[in-house]
Amino acid sequence: MKYIVYLILFSSLTSCIQDITLDLPPYETKIVVEGRIEPGIPPFVLLSNSLDLFASTSVNDLQNNFITNAQVFVNNGVDTVQLDLICTDSLPPQFIPIVAELLGYSPSELQNINICAYSTFDPNWFGVVGMTYNLEIYHEGEIYTSTTSILNPIPLDSLYFLERDNVPGFGYMHATLNDPPGLGNAYRWETRRTNHYSDGTEKDPVLIAPFNSSFDDQFFDGLNFGWYYDNPGSYDDSTMADNVKGFYQVGDTVVVKWSTIDHPVFEFLRYEDAQIANGGSPFASPINIPSNISNNGLGLWAGFSPYFDTVICQ
Amino acid sequence: MRLLLALILLVFATFGFSQEKFTISGTLSDKSNGESLIGATVKVSGESTGTVTNTYGFYSLTLPKGKYTIEFSFVGYATIKEEFDLSKNIVHDLELPLQTEVMKEIEVRAEAEDGNVKDANIGQISLEIEKIKTLPAFLGEVDVVKTLQLLPGVSSTNEGSQGFYVRGGGPDQNMVLLDEAVVYNASHLFGFFSVFNADAVKNVNLIKGGVPAKFGGRLSSVLEVNMNEGNNKRWSVKGGLGLISSRLTVEGPLKKDKGSIILSGRRTYIDLLITPFIPKDSPFKGSSYFFYDLNLKMNYRVSPKDKIYVSGYYGKDVFRFVDSDAGFDVKMPWGNGIGAFRWNHSFNGKLFMNMSATYSNYEFSFQSEQDGFNITLLSRNQDIGGKLDFTYIPNFRHRIEAGAHYTYHIFQPQNVSANQDTIEFDTGEIQKYLSHEVAFYLQDEIDITEWFRMNIGLRYSMYFFTGRFNRYVKDGVGFQDSVINYAPNELIKFYHGLEPRLSARFLVNKWSSFKVGFNYNYQYVHLASLSSVSLPTDTWFLSTDKAPPQKGWQASLGYFFNFWKNNFEASVEVYYKDMRNLVEYRPGTLPEDNLEDNVDNLLVFGRGYSVGAEFFIKKVKGKFTGWIGYTLAWTNRIFDEINDGNPFPARYDRRHDLSVVLSYQITPQWNVSTTFIYATGNTMTMPEGWYLHEGNVLYEYGDYNQTRMDPYHRWDVAVTWFDKPFRFKKNKKTGEKEKIKRKLRNSVTLSVYNIYNRANPYFLYFDSQGDPFSGDGGEFKIQAKQVSLFPILPSITWNFKF
Chain A
-9 MKYIVYLILF
1 SSLTSCIQDI
11 TLDLPPYETK
21 IVVEGRIEPG
31 IPPFVLLSNS
41 LDLFASTSVN
51 DLQNNFITNA
61 QVFVNNGVDT
71 VQLDLICTDS
81 LPPQFIPIVA
91 ELLGYSPSEL
101 QNINICAYST
111 FDPNWFGVVG
121 MTYNLEIYHE
131 GEIYTSTTSI
141 LNPIPLDSLY
151 FLERDNVPGF
161 GYMHATLNDP
171 PGLGNAYRWE
181 TRRTNHYSDG
191 TEKDPVLIAP
201 FNSSFDDQFF
211 DGLNFGWYYD
221 NPGSYDDSTM
231 ADNVKGFYQV
241 GDTVVVKWST
251 IDHPVFEFLR
261 YEDAQIANGG
271 SPFASPINIP
281 SNISNNGLGL
291 WAGFSPYFDT
301 VICQ
Chain B
-18 MRLLLALILL
-8 VFATFGFSQE
2 KFTISGTLSD
12 KSNGESLIGA
22 TVKVSGESTG
32 TVTNTYGFYS
42 LTLPKGKYTI
52 EFSFVGYATI
62 KEEFDLSKNI
72 VHDLELPLQT
82 EVMKEIEVRA
92 EAEDGNVKDA
102 NIGQISLEIE
112 KIKTLPAFLG
122 EVDVVKTLQL
132 LPGVSSTNEG
142 SQGFYVRGGG
152 PDQNMVLLDE
162 AVVYNASHLF
172 GFFSVFNADA
182 VKNVNLIKGG
192 VPAKFGGRLS
202 SVLEVNMNEG
212 NNKRWSVKGG
222 LGLISSRLTV
232 EGPLKKDKGS
242 IILSGRRTYI
252 DLLITPFIPK
262 DSPFKGSSYF
272 FYDLNLKMNY
282 RVSPKDKIYV
292 SGYYGKDVFR
302 FVDSDAGFDV
312 KMPWGNGIGA
322 FRWNHSFNGK
332 LFMNMSATYS
342 NYEFSFQSEQ
352 DGFNITLLSR
362 NQDIGGKLDF
372 TYIPNFRHRI
382 EAGAHYTYHI
392 FQPQNVSANQ
402 DTIEFDTGEI
412 QKYLSHEVAF
422 YLQDEIDITE
432 WFRMNIGLRY
442 SMYFFTGRFN
452 RYVKDGVGFQ
462 DSVINYAPNE
472 LIKFYHGLEP
482 RLSARFLVNK
492 WSSFKVGFNY
502 NYQYVHLASL
512 SSVSLPTDTW
522 FLSTDKAPPQ
532 KGWQASLGYF
542 FNFWKNNFEA
552 SVEVYYKDMR
562 NLVEYRPGTL
572 PEDNLEDNVD
582 NLLVFGRGYS
592 VGAEFFIKKV
602 KGKFTGWIGY
612 TLAWTNRIFD
622 EINDGNPFPA
632 RYDRRHDLSV
642 VLSYQITPQW
652 NVSTTFIYAT
662 GNTMTMPEGW
672 YLHEGNVLYE
682 YGDYNQTRMD
692 PYHRWDVAVT
702 WFDKPFRFKK
712 NKKTGEKEKI
722 KRKLRNSVTL
732 SVYNIYNRAN
742 PYFLYFDSQG
752 DPFSGDGGEF
762 KIQAKQVSLF
772 PILPSITWNF
782 KF
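Protein chains in written order, with our numbering: chain A, -9 to 304; chain B, -18 to 783.
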């Protein structure tokens, strides 16, 4: 659909953009859940409120928007645990990168804002492959529930960097997969460059999901399927010229996190990608992202079953 | 039904009281080129008794035995009066001279005197192509659809939206006919231009209410466009050079006065102009856009009673986007191909027959290649049709029409194939939808009394949805449960229904009348759009076992009056339209959901209604002409699955719509014209709140179409210069100046679009500003942005003919 946008803009080189004020109906906030559980890692649940579209939001406003007065429980079908409220300002420094990665913020961002999430350091509640986890949240008289599973991981068949003929020294990350027979397998791709800039800082402090990072096997069920992804970290990389944005560079060390996910998680991520891609496009229909949180809650309670691999681009 | 039968009996009872009558019949055509004249008047001089020519220029007037003076007249042509002794049936073909070519003593008419008051048509408007050509045009490209949108009750959503919207109906609810063949997508470049090349078009007739029974298949309107037939007197060429496109038309006799041929072509050349400026090493080298169209028409009078026509149209938009750095190549062609064969036969002056065979094809495809990964999307609609229509005119007060229509629909909505090197992806089988649509109709227009004319009709339509077809049955999650395979020609679903039609005129006095109209329609084809504007990617599909036909009725009432010696025509029409089984994609449907599935599995069905009042005043005579149209309307939709079943405004719901079109012929050489448009802003579905997930800003959308864009308004101006038809040359022998007719005629139009540079909204989007986590104390804010397409745009077009 974006090509149609190109065409319209191609045909109207004179288009202009201006700020406007819209009169929107009053907005009623909803609870937003950002929760995940992975093998060997404790459950993390971040709660916040959705916000009015045109509300100005400072760091303080955002900080006050996190919910810290809820009771959060995780159940594995046998036992139940109540998660503790843990704030980033009280985390030992070595935990900051781990939490940042889990919550999708960079460690430097976490230093500017004190985020409080619900979790537990009880190793008995670290994620286990094959388990299903139920989430229960009690907040201001309302109950919100959700369920997710950590499926069996399905590893990549191959993973390799391929230099492009017309852009020497740069290329995409390629992979192949033997998809198990049976419709419904869904996957997510995230990457991180672990090598460093000349000043010693890591290129990608956290894993980054590229655009359209999730897909299922609707069109290649049971087949050996190949694809490639661009480098999502390159777009904010000031050391890379515009004409090589999107590429990995010879010399990059790239960690790929390849996760198997269940259907509701895939649907959420699929629609999230679609909404981000459509943002503002006149040619897209408005899409609300289907949440797996009950009682009109927003967000996602997600079980990820990852397979990790590392490639040195050469 | 009893009333209907009683009226039919009344109609046929008129046969019994006839005295000895004879018929004068024939065709009226343009003396300069032999083009038949549509809607020309044939009447008894000094009386109201008369008729008008049909789409083929044929007329028939049956009168009691006697001597008559008959007047033949048409807009912009000389009126010719001739004496006839009607003691036998007479066939009389006549050629009317153009206004510019007649002696002063011959009467010239600028418009039918009171046709709008006297006919029974309600909600019908014809456009004069020559008038359209002097109106301001976007980038100088004269466009009939854009001009239609200046009429009350007709609108576009905005610039860059294809199709048009009539009285709250969707773009799929307009039957667009080019020489009787269906046009599925009448737009080039997303509606900036229509497929109708003004040089190839003879007349345009829009029916938005009181649709006669001979038309069917759409709920909202019928747009009849007829191509020029070609000059059967001499070979001639006309064309034009504009800023973005050029046109060339060649026409001439196949055999003088018997038959003619016309070939017309148009192509844009933005791509040719831009290509030299794209550097050879640019990764985008090879990207381009252009459209072209070709019109061909031939006609031949086989005998005094028989005439055949062959028409063809082929047009295509071609977009290509290349990014060699990313190894990316996308081609996106789309367009229509249309063919029609028609045979007119006049049996005895009272009975006229038209037989047509038509073929329509609309294709949209998308081909993408990147590093061995190929994906192709193809949508295709094909109609193969036949029509047999009879017109019987027993006397000048009475016209009966009957006929049968058949269409074989072959639709392939959004078939995708994909491969990567040798791996072929499973995107499902090619989806083909096949159906047969059949209709019979009978309609009768009769003057019950001098003041009461009625056009009553009944159409019966049948629809057979047949195999071969695969029905995908899905489970609750959306995975395929099973597939039902229907064999070739196996009847899967049958729909049928009666479609009553009625329009009537009550003459108040010579200058005013009341009119009423009612029509009930079935529509067996649908258009579903995943975007908020109409695009060539929109999916056409047929009624199926899961998708019932759309049904709708419309009732309208109008008061028509002329004043100031028929210098002005005015009307007020009110209407109510009810529509059932309207289609929308289920909320949250994504484009890829169409794959390996039946389109109708993704749809939801609902109803809609529109109510409105249209005010129209038109100055038809003199140097100063034009019109003002204003529409006040409400259009709503109700779908169980959308907005919790609560009504919501359609995206093209427009409360106010005002158009002003004025033209002033300063001298025979200079014409100035102007248009002004004001319309309530379109509705949109907008986010009301936002939240964060993994650092991404995600939006929560509110109820459907609850936000309105700013109003759309625009003022355009055009000045046209015509060269003098004659030049003077000194006679060497006599020494006197002689007037010599110019062989090459020129005109130049200077247009200024959006003269006060209004930034009209094209679409809105949201931009997040600031970073709450940056630590610099800055605020994070979401800002609404409006994109506007065209500022003030001057253009110049040179037209010529010889």
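Don't be surprised by glycine CBs; every beta carbon is placed ideally from N, CA and C.
| query | In chain B, what lies closer than 8 Å to Val22(A) by C-beta? | reply | Tyr672, Leu673, His674
| What residues in the segment 78 to 108 of chain A bring their beta carbon closer than 9 Å to a beta carbon of chain D? | No chain D is present in this structure, whose protein chains are A and B.
| query | Is the beta carbon of Tyr693(B) less than 9 Å from the beta carbon of Tyr746(B)? | reply | Between Tyr693(B) and Tyr746(B), the gap from beta carbon to beta carbon reaches 9 Å or more.
| Within 8 Å of chain A by C-beta, residues of the segment 14 to 27 of chain B in sequence order | none
| query | What residue from Gly38(B), Ser54(B), Ile356(B), Phe65(B) has the CA that sits closest to Leu44(B)'s CA? | reply | Phe65(B)
| task | Have a look at Glu262(A), Ser109(A), Ala45(A) and flag the residue whose alpha-carbon is nearest the alpha-carbon of Val89(A). | result | Ser109(A)
| request: Assuming Glu577(B) contacts Gln208(A) (C-beta within less than 8 Å), just tell me the rounded distance between them. | output: 7 Å
| Which listed residue (His379(B), Phe421(B), Asn355(B)) has its alpha carbon closest to that of Leu369(B) | Phe421(B)
| task | Evaluate contact between the segment 464 to 477 of chain B and the segment 541 to 548 of chain B, counting only Cβ atoms and requiring at least three cross-stretch pairs below 8 Å. | result | No: fewer than three Cβ pairs fall under 8 Å.
| Can you list the beta strand (DSSP E) stretches of 3 or more residues lying completely in the segment 163 to 201 of chain A, in chain order? | Along the segment 163 to 201 of chain A, the beta strand (DSSP E) occurs as fully enclosed runs of 3 or more residues at 176 to 183, listed in sequence order.
| Do you know how far the Cα of Ile289(B) is from the Cα of Met336(B)? | 9 Å
| request: Could you pull out every residue in the same chain whose Cβ sits closer than 8 Å to the Cβ of Ser26(B), ignoring the five residues on either side in sequence? | output: Tyr49, Thr50, Ile51, Glu52, Lys62
| query | Do we get a CB-CB distance below 9 Å when we pair Trp217(A) with the residues of chain B? | reply | Cβ-Cβ to chain B under 9 Å: yes for Trp217(A).
| query | Could you give the distance in angstroms between the alpha-carbon of Cys77(A) and the alpha-carbon of Ser38(A)? | reply | 14 Å
| request: Count the other CB atoms, across all protein chains shown, that sit within 10 Å of the CB of Arg178(A); report buried if there are 16 or more and exposed otherwise. | output: buried
| query | Do the segment 109 to 117 of chain B and the segment 442 to 450 of chain B meet, that is, are 3 or more Cβ pairs less than 8 Å apart? | reply | Contact between the segment 109 to 117 of chain B and the segment 442 to 450 of chain B is absent: fewer than three C-beta pairs spanning the two stretches fall below 8 Å.
| task | Could you check the C-alpha separation between Ser284(A) and Leu36(A) for me, to the nearest Å? | result | Straight-line Cα distance between these residues: approximately 16 Å.
| query | Under the criterion of a Cβ to heavy atom distance below 8 Å, does Ser263(B) qualify as lining the ligand FMN? | reply | This structure lacks the ligand FMN; in fact it carries no ligand of any kind.
| said: Using CA atoms only, rank isn't needed, just tell me which of Lys714(B), Ile71(B), Asn780(B) is closest to Ile329(B). | reply: The amino acid occupying residue 329(B) in the given sequence is Asn; Ile does not appear at that position. Nearest C-alpha to Asn329(B): Ile71(B).
| request: Could you tell me which residues DSSP pairs with Lys288(B) in its beta bridges? | output: Arg282(B), Asn325(B)
| query | Hey, is Pro280(A)'s beta-carbon within less than 9 Å of any beta-carbon in chain B? | reply | At least one chain B Cβ lies under 9 Å of Pro280(A).
| Rounded to a whole number of angstroms, what is the C-alpha to C-alpha distance between Ile429(B) and Met435(B)? | Taking the straight line from one Cα to the other gives about 7 Å.
| How would you call Ala194(B), buried or exposed, if buried means at least 16 neighbouring beta carbons within 10 angstroms? | buried
| By how many angstroms is the C-alpha of Trp217(A) removed from the C-alpha of Asp299(A)? | 16 Å
| What is the DSSP secondary structure of Ile(-2)(A), counted as helix, strand or coil? | Legend: pLDDT at Ile(-2)(A) = 49, less than 50; position of this residue unreliable, value from coordinates given subsequently. Correct three-state label for Ile(-2)(A): helix.
| In whole angstroms, what is the alpha-carbon distance linking Pro529(B) and Asn562(B)? | 7 Å
| query | From what residue to what residue does the beta strand (DSSP E) around Val176(B) run? | reply | First-last for Val176(B): undefined, no H or E at that position.
| Taking C-alpha atoms, which residue in Ile391(B), Glu410(B), Ala59(B), Asn582(B) lies nearest to Glu418(B)? | Nearest in C-alpha terms to Glu418(B), of all of Ile391(B), Glu410(B), Ala59(B), Asn582(B), is Ile391(B).
| field | Chain-ordered chain B contacts of Pro276(A) [CB-CB under 7 Å] | value | Under the 7 Å cutoff, chain B gives Thr666, Tyr682.
| query | Are there 16 or more other CB atoms within 10 angstroms of the CB of Trp248(A), so buried, or fewer, so exposed? | reply | buried
| request: Kindly say whether Leu146(A), judged by its beta-carbon, lies nearer than 9 Å to any beta-carbon of chain B. | output: no
| message | Quick check on DSSP: helix, strand or coil for Trp115(A)? | response | It is helical.
| query | Can you tell which of Leu77(B), Ser292(B), Gly607(B), Val564(B) has its C-alpha closest to the C-alpha of Leu244(B)? | reply | Ser292(B)
| message | Between Arg452(B), Phe433(B), Trp432(B), Gly478(B), which has its C-alpha nearest Tyr441(B)'s C-alpha? | response | Gly478(B)
| What's the C-alpha gap between Lys314(B) and Thr520(B)? | Per the sequence shown, the amino acid found at residue 314(B) is Pro instead of Lys. Taking the straight line from one Cα to the other gives about 15 Å.
| query | Using a beta-carbon distance below 9 Å, is Ala765(B) in contact with chain A? | reply | yes
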